[in-house]
Amino acid sequence: MNPADLPLGPLERALLDSLQRLNPDAAASALAAAALCCEALGKGDVCLPLARWAGQRPWPDCAFGLPALADWHAQLRASKLVGAPGEFAPLILDGERLYLARYQAYEAQLAAQLLARAADLPVVDEAQLSASLARLFAFNASLQAGQQPDWQRLAAAQAVRRNLAVISGGPGTGKTTTVVRLLAALLEQPGGERLAIGLAAPTGKAAARMAEALRNAKAALPVSEAVKAALPEEARTLHRLLGSRGDNPQVRHHAANPLALDVLVVDEASMVDLALMAKLVDALPPRARLILLGDKDQLAAVEAGAVFAELCEGRGFDARAAADLERISGQRVAVEAPRSRLGDAVVLLSHSHRFAGDSGIGELARRINAGAASATLNLLKEDRRDLVWQPQPSPAALLERLEQGYQPYLQAARGGEPTAAFAAFNAFRALTAQREGAFGVSGLNEALEARLKRRFGLAARERWYAGRAVMVRQNDYALGLFNGDIGLCLASESGLRVFFEGEDGFRAFAPARLPSHDSAFAMTVHKSQGSEFAEVLLALPETPSPLLTRALLYTGITRAKHKVELWALPARLAEAVNTKAERAAGLAERLALPGAAPRQDPPGTAGQLDLF
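So for the sequence shown, this note's numbering puts the first residue at 15; every next one is plus one.
Below is the structure:
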């Protein structure tokens with residue numbers, strides 16, 4: 015095989031060139047495996063599962079075929095480019111999985127450190143914890159009569175009793191309510207007033223939203239003023255917390271220079287990729303508490319890995335853990351053998367306060383996560399007040415609908431008052447699955463802006479106008495603007511200014527000062543994670559796409575608080591519901607209890623939370 019003949023991208027080709035310089039006689043099967051590993055990372059996989067590719071032609075337009083599994087395995091073991099775990103080589107063969115060395119190290123290190131953290135149990139005053147939980151979660155007393163147990167209270171109990179807690183919950187299940195109360199319970203423990211507590215999230219937008227939610231929530235806490243004062247009010251991005259250095263993979267904080275924290279709470283943890291999570295856990299002092307919040311059913315990180323979902327796989331409470339929890343919290347939980355050595359560190363919040371029992375959005379989310387395509391389509395055909403389906407979408411009709419949907423916002427924007435403009439903009443949002451195409455972000459934004467400019471009598475080349483919405487694409491710490499931040503262009507006394515929501519009101523910038531940005535009337539579902547809007551219009555592409563998955567559809571529709579409008583062909587909807595995205599990785603296996611079988615959720619549940 016001549017690597018030059020393979021249909022590879024520039025990154026894969028550069029990797030093969032480097033490997034051939036290291037070993038000019040490298041076997042074709044080893045070079046092909048390296049290229050496939052690189053391609054896999056680009057698709058979100060951490061490793062290359064050999065069994066999935068053995069005996070196949072990896073590139074359809076190329077005659078080259080891979081050996082059978084046993085032969086391929088033997089050839090890789092014999093290659094100078096491939097080492098075993100712990101050896102120094104560009105590629106690491108770990109069982110039936112092949113890794114680029116850095117990612118095998120990330121995964122193995124993360125698993126070992128999580129297990130060590132989970133095994134080191136802190137000293138807890140159980141009597142004080144019981145009293146704190148009873149008082150802090152008394153507001154759930156009416157809910158408990160029909161919804162047993164109180165998973166918010168159980169999550170808090172576990173987070174205080176362990177150095178590792180993983181809390182997963184769908185929209186409106188009270189993750190913020192839970193975390194502010196569990197932090198209060200921690201502060202009420204003996205010596206708790208001395209705890210250094212940090213808040214972090216993957217993006218600047220998520221960090222700001224987390225800090226604001228905790229500031230608002232702590233006012234109603236039934237605790238002393240001293241405890242309220244000790245609760246944190248600021249959050250940072252994970253990159254800033256760790257001291258990232260541009261494109262350099264090294265960070266300022268690591269095991270030899272740990273973070274000065276006793277407790278770290280990470281929100282939107284499903285968005286954290288393997289490399290970042292490994293660096294984060296490595297930078298925490300060994301006895302510091304780590305509390306991860308997220309939604310296991312949402313889209314995984316853009317980069318390689320689905321760490322949060324893998325951590326949730328092995329959940330379960332054995333008889334001893336269930337008895338301990340009942341004694342401390344007064345809540346009885348079902349005994350279920352965990353499949354992971356982290357099993358009882360994972361708690362799923364199961365009751366949504368956002369979606370009531372008659373919620374079409376809640377029912378739609380449940381059917382999507384259950385993988386029930388026919389039931390999903392049938393529900394969309396029903397006359398539900400919060401669900402609208404357009405099964406024969408056209409680009410022209412969609413543009414007309416978007417202009418209509420944004421009309422209240424455009425009217426508010428012409429008034430120039432930021433509060434009214436942001437409220438109107440957040441009342442309706444268009445989401446898409448991909449960037450390109452007539453139903454993609456680029457196509458929709460370009461076509462809608464051209465339509466709006468004609469309506470306003472603006473020249474086509476005019477970039478800025480009152481009402482333009484933009485999304486920042488890169489962090490600018492000097493300006494305090496972060497990737498994903500939304501800005502609205504409004505008229506002011508100083509001319510056109512782009513306004514951003516801030517902690518103390520709105521901040522205005524001249525358009526020329528902004529970092530790299532895009533128009534934001536339409537945004538991808540990925541970029542919408544962690545946000546919520548009154549109404550959401552979700553447009554899916556007309557042609558099949560690997561991006562159409564159950565997680566994408568679930569994430570998109572659950573951004574809506576009151577109404578979802580789907581513009582999608584029935585075939586595309588069915589494909590999305592039937593496609594469960596699974597990333598190749600070995601973290602869950604490294605954490606698994608010996609002999610534990612993979613989790614098999616009951617038919618029709620697929621691990622989905624009770625959304626009503």
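Yeah, the Cβ is synthetic: ideal placement off N, Cα and C, and Gly gets one too.
Query raised in the report: If you run the structure through DSSP and keep just helix, strand and coil, what is W4?
Result: Missing from the structure shown is residue 4; the chain here goes from 15 to 626 and no further.
Query raised in the report: Are three or more beta carbon pairs between the segment 231 to 240 and the segment 274 to 289 nearer than 8 Å?
Result: no
Query raised in the report: Rounded to whole angstroms, how far is the Cβ of L445 from the Cβ of R573, which I believe are closer than 8 Å?
Result: 7 Å
Query raised in the report: Sorted by chain position, which residues of the same chain lie with C-beta nearer than 6 Å to P405's C-beta, five sequence neighbours on each side aside?
Result: P584
Query raised in the report: Considering E549, what are the terminal residues of the beta strand (DSSP E) in which it resides?
Result: F547 to A553
**Report entry** Whole-angstrom distance between D85 and D499, CA atom to CA atom
**Finding:** 51 Å
Query raised in the report: Is C503 helix, strand or coil when you go by DSSP?
Result: strand
**Report entry** Span separating the alpha-carbon of G621 from that of A320
**Finding:** Unreliable positioning characterises G621 in this predicted model, as indicated by a pLDDT of 39, which lies under 50. The coordinate reading is nonetheless provided below. Each residue's Cα considered, the two are about 16 Å apart.
**Report entry** Per DSSP, cross-strand counterpart(s) of A483
**Finding:** L502
Query raised in the report: Nearest CA to the CA of D139: which residue from R346, I342 and F442?
Result: I342
Query raised in the report: Applying the criterion that 16 or more other CB atoms from any shown protein chain within 10 Å of the CB defines a buried residue, is P432 buried or exposed?
Result: buried
Requested in this report: Take the Cβ of N392 as the centre, count every other Cβ of all protein chains shown within 10 Å, and call the residue buried at 16 or more, exposed below.
Outcome: exposed
Query raised in the report: Are three or more beta carbon pairs between the segment 25 to 41 and the segment 71 to 84 nearer than 8 Å?
Result: no
Report task. Would you kindly work out how many angstroms separate the C-alpha atoms of P99 and A41, rounded to a whole number? Result -> 21 Å
**Report entry** Three-state secondary structure (DSSP) of Y568
**Finding:** helix
Query raised in the report: At a cut of 8 Å, does the segment 201 to 208 reach the segment 163 to 170 through at least three beta carbon pairs?
Result: no
Query raised in the report: Does DSSP put Y120 in a helix, a strand or coil?
Result: helix
Requested in this report: Identify whether Q34 lies in helix, strand or coil by the three-state DSSP scheme.
Outcome: helix
Query raised in the report: So what does DSSP say about S93, is it helix, strand or coil?
Result: coil
Requested in this report: Look at the Cβ atom of L20, then the Cβ atom of W73, and state whether they are nearer than 8 Å.
Outcome: yes
Query raised in the report: Where do the ends of the beta strand (DSSP E) carrying K310 lie?
Result: Per DSSP, K310 belongs to no beta strand (DSSP E) and is neither H nor E.
Query raised in the report: Does the distance from the CB of L313 to the CB of T569 come in under 8 Å?
Result: yes
Query raised in the report: Quick one: Cα of Y479 to Cα of A198, how far?
Result: 47 Å
Requested in this report: Determine the direct distance from the alpha carbon of L504 to that of A629, and round the result to whole angstroms.
Outcome: There is simply no residue 629 to check, as the chain begins at 15 and stops at 626 in what is shown.
Query raised in the report: From P38, V96 and D39, pick the residue whose C-alpha is nearest to that of C51; which is it?
Result: V96
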